[in-house]
Amino acid sequence: MERARIRVFDTTLRDGEQSPGCSMNVREKLRMAHQLDRLGVDVIEAGFPIASDGDFEAVQSVSASIRRPVIAGLARACTPDIERAWQALKGASHPRIHVFLATSDIHLKYKLRISRQQCLEQARDAVRLAKTFCQDVEFSPEDATRTDTDFLCRLLEAVVEAGATTLNIPDTVGYAMPAEFGQLIETIQHRVRGIERVTISAHCHDDLGLAVANSLAAIAAGARQVECAINGIGERAGNASLEEIVMAMRVRPDLHPYDTGVLSDQLYPTSKLLSEITGVSVQPNKAIIGRNAFAHEAGIHQDGMLKNPLTYEIMTPQSVGVPDSTLVLGKHSGRHALALRCEQLGYQFERRELDEIYRRFVILADKIKTVEDRHLLELIREAREQAQRIPPGHVGELPLAIAASASAGQTRPSGAYFSKPLATPLPADSKTSELPLSKVEQHGEQEDYLWGV
Ligand SMILES: [Mn+2]
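My numbering puts the first residue of the sequence shown at 3, with every later residue one more than the last.
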């Protein structure tokens with residue numbers, strides 16, 4: 003069976019840019035647009051041309067230099083906006099005017115102060131005007147999810163008749179639930195005359211954390227375009243995250259048998275570029291592209307990962323452009339990961355030696371959360387030094403200097419620590435092979451497996 007193709011409409015440069023701290027100048031938008039082109043999105047919404055001269059210029063230069071995708075510009079349903087949008091877009095190889103007008107009673111009454119009938123006529127006239135400039139016209143009934151369904155269907159029918167080629171259904175305020183939103187898309191498909199000639203699109207916000215779920219529900223119900231943004235940026239809680247939608251479909255084709263034109267290994271580079279440009283980074287646990295999305299700290303997870311990544315990863319980091327999984331060394335880590343990191347640092351240990359290092363490592367990790375390579379190197383050195391000086395049976399104390407320097411946030415370990423003479427004299431008969439055994443060893447590997455599920 004051929005899989006349906008979903009068009010990815012990226013609004014990072016328009017809705018995304020409207021989020022606090024994420025505004026971009028012309029040069030930055032252009033840089034981002036080139037990366038979105040590499041990523042393979044179908045539509046780039048480059049801005050809202052009437053909003054400012056800068057935004058006009060940005061849409062104009064994106065239109066002039068990015069030739070493969072459709073370039074969209076936003077316009078309210080009025081003549082000056084539509085004309086301005088066209089002025090900015092006319093150099094594009096595939097221009098699209100995106101007209102919007104609020105349709106919910108709450109917006110009509112308090113914001114626009116117009117009747118439903120006036121709203122319908124304004125929407126229809128705006129699409130007609132846009133159509134005189136451009137074949138590709140998208141219409142969005144703002145706040146669609148809080149709009150009376152009968153009225154919404156009548157209005158959509160009018161704009162299809164006026165020439166709209168894409169009907170975008172926005173959950174502007176992030177209010178919808180997945181089943182409900184899917185139902186709305188189905189209703190529109192059944193009730194709007196002429197709908198078979200146009201593409202249905204979804205535009206979801208994340209106010210209840212459901213933007214991606216709602217977008218997937220819309221696709222399942224027949225939407226063939228999805229509007230989304232890199233890193234999920236956008237008004238308030240943001241838009242549906244592009245990387246999450248794309249990877250949900252890629253990881254679960256059994257339930258979401260759809261294709262996109264997105265090259266998934268460009269997801270991480272695109273996310274990083276956006277963070278670099280805006281200075282706004284994503285939370286570490288952000289799905290797909292967060293710092294911890296492919297990091298494993300728990301011992302049982304690390305052990306599984308080292309044996310076969312399929313144990314704890316549903317996709318490879320490489321598939322989304324992340325260089326490699328990270329095994330973070332913390333108090334939840336086990337010997338297996340510790341040994342591997344030691345090996346990567348150039349040290350190979352006998353089992354008993356490793357146990358001693360592991361014992362010290364756990365004590366340290368309890369204090370400083372993440373054990374960096376430099377801590378580990380000190381720890382190894384310290385364990386070796388003490389092994390040479392302390393008689394067998396005596397268990398050394400916590401490497402306090404490391405803990406102190408780490409918790410004080412120092413980037414380099416204190417040099418004085420190593421020059422400090424150790425109090426215990428070296429017994430003549432001690433051998434390095436007779437490292438003191440800690441209680442840890444008696445519990446064996448099971449000790450590493452306390453953290454799971
Ligand atoms: Mn929006």
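We treat Cβ as the ideally placed atom computed from N, Cα and C, and that holds for glycine.
Quick caveat: nothing in here was measured; it's all calculated off a predicted structure.
**Asked** In chain order, what residues of the same chain lie with their CB nearer than 6 angstroms to the CB of residue 42, ignoring the 5 residues before and after it?
**Response** 263, 264 and 265
**Prompt:** Anyone know if the C-beta pair for residue 61 and residue 91 falls short of 8 angstroms?
**Reply:** yes
**Asked** Taking DSSP as the reference, what is the three-state secondary structure of residue 425?
**Response** A caution first: residue 425 carries a pLDDT of 35, below 50, which makes its placement in the model too unreliable to give a value.
**Prompt:** Helix or strand or just coil, what does DSSP make of residue 349?
**Reply:** coil
**Prompt:** Using the C-alpha atoms, what's the distance from residue 322 back to residue 269?
**Reply:** Within the model, the alpha-carbon separation for residue 269 versus residue 322 is close to 5 angstroms.
**Request:** With residue 457 as the anchor, note down where its alpha helix (DSSP H) starts and where it stops.
**Result:** Outside the displayed span of the chain (3 to 455) sits residue 457, for which this structure offers no information.
**Asked** If you draw a straight line from the alpha carbon of residue 140 to that of residue 86, how long is it in whole angstroms?
**Response** 16 angstroms
**Message:** Can you determine whether any heavy atom of ligand 1 sits closer than 7 angstroms to the C-beta of residue 44, and answer yes or no?
**Reply:** Outside the cutoff, so no.
**Asked** Pairing CB atoms from the segment 126-142 with CB atoms from the segment 74-88, are three or more of them under 8 angstroms?
**Response** yes
**Request:** May I ask whether a heavy atom of ligand 1 can be found less than 7 angstroms away from the beta carbon of residue 145?
**Result:** no
**Request:** Measure the beta-carbon distance from residue 154 to residue 143 and round it to whole angstroms, keeping in mind my assumption that it falls under 8 angstroms.
**Result:** 6 angstroms
**C-beta neighbour in chain C for residue 92, strict 8 angstroms** = No chain C appears in this structure, which consists of one protein chain only.
**Request:** Determine the DSSP secondary structure at residue 143, reduced to helix, strand or coil.
**Result:** strand
**Message:** Going residue by residue through the segment 292-334, where are the continuous alpha helix (DSSP H) segments of at least 4 residues, counting only ones entirely within it?
**Reply:** With a minimum length of 4 residues, the unbroken runs of alpha helix (DSSP H) contained wholly in the segment 292-334 fall at 301-309.
**Prompt:** Would you call residue 6 buried or exposed, if buried means 16 or more other Cβ atoms sit within 10 Å of its Cβ?
**Reply:** Flag for residue 6 reads exposed.
**Prompt:** Taking 7 angstroms as the cut-off, does the CB of residue 207 come closer than this to any heavy atom belonging to ligand 1?
**Reply:** yes
**Prompt:** According to the Cβ coordinates, are residue 233 and residue 203 closer than 8 angstroms?
**Reply:** no
**Asked** Nearest to residue 35 by alpha carbon, out of 186, 69 and 372?
**Response** 69
**Prompt:** Can residue 241 be considered in contact with ligand 1, in the sense that its beta carbon sits closer than 7 angstroms to one or more heavy atoms?
**Reply:** yes
**Message:** Per the DSSP calculation, residue 173 is bridged to which residue(s)?
**Reply:** According to DSSP, residue 173 shares a beta bridge with 206.
**Request:** Counting only the same chain and skipping the five closest in sequence on each side, list residues whose C-beta sits under 6 angstroms from that of residue 20.
**Result:** 237
**Item:** Contact between the segment 172-188 and the segment 201-218 (3+ Cβ pairs under 8 angstroms)
**Value:** yes
**Prompt:** DSSP three-state call for residue 25: helix, strand or coil?
**Reply:** coil
**C-beta atoms of residue 47 and residue 16 nearer than 8 angstroms** = yes
**Request:** For residue 22, count neighbouring C-beta atoms within 10 Å of its own C-beta (all shown protein chains included) and say buried if the count is 16 or more, exposed if not.
**Result:** exposed
**Asked** How would you write the range of the alpha helix (DSSP H) that residue 57 sits in, first residue to last?
**Response** Counting along the chain, the unbroken alpha helix (DSSP H) around residue 57 starts and ends at 55-67.
**Asked** At what residues does the beta strand (DSSP E) containing residue 50 begin and finish?
**Response** Per DSSP, residue 50 belongs to no beta strand (DSSP E) and is neither H nor E.
**Contact test: residue 236 Cβ vs ligand 1 heavy atom, cutoff 7 angstroms** = For ligand 1, a non-hydrogen atom lies closer than 7 angstroms to the CB of residue 236.
**Asked** Can residue 174 be considered in contact with ligand 1, in the sense that its beta carbon sits closer than 7 angstroms to one or more heavy atoms?
**Response** yes
**Asked** Counting along the chain, where does the alpha helix (DSSP H) carrying residue 110 start and finish?
**Response** Run containing residue 110: none; DSSP gives neither H nor E here.
**Asked** From residue 305 to residue 385, what distance separates their C-alpha atoms?
**Response** 24 angstroms
**Asked** Using the beta-carbon count (16 or more within 10 Å), is residue 309 buried or exposed?
**Response** exposed
**Prompt:** Taking residue 25 as the reference, which of 279, 328, 246 and 355 has the closest Cα?
**Reply:** 279
**Message:** Contact defined as beta carbons within less than 8 angstroms: I believe residue 174 pairs with residue 207. What is the distance between those atoms, to the nearest angstrom?
**Reply:** 6 angstroms
**Prompt:** Helix or strand or just coil, what does DSSP make of residue 75?
**Reply:** strand
**Residues bridged to residue 241 [DSSP beta-bridge criterion]** = 207
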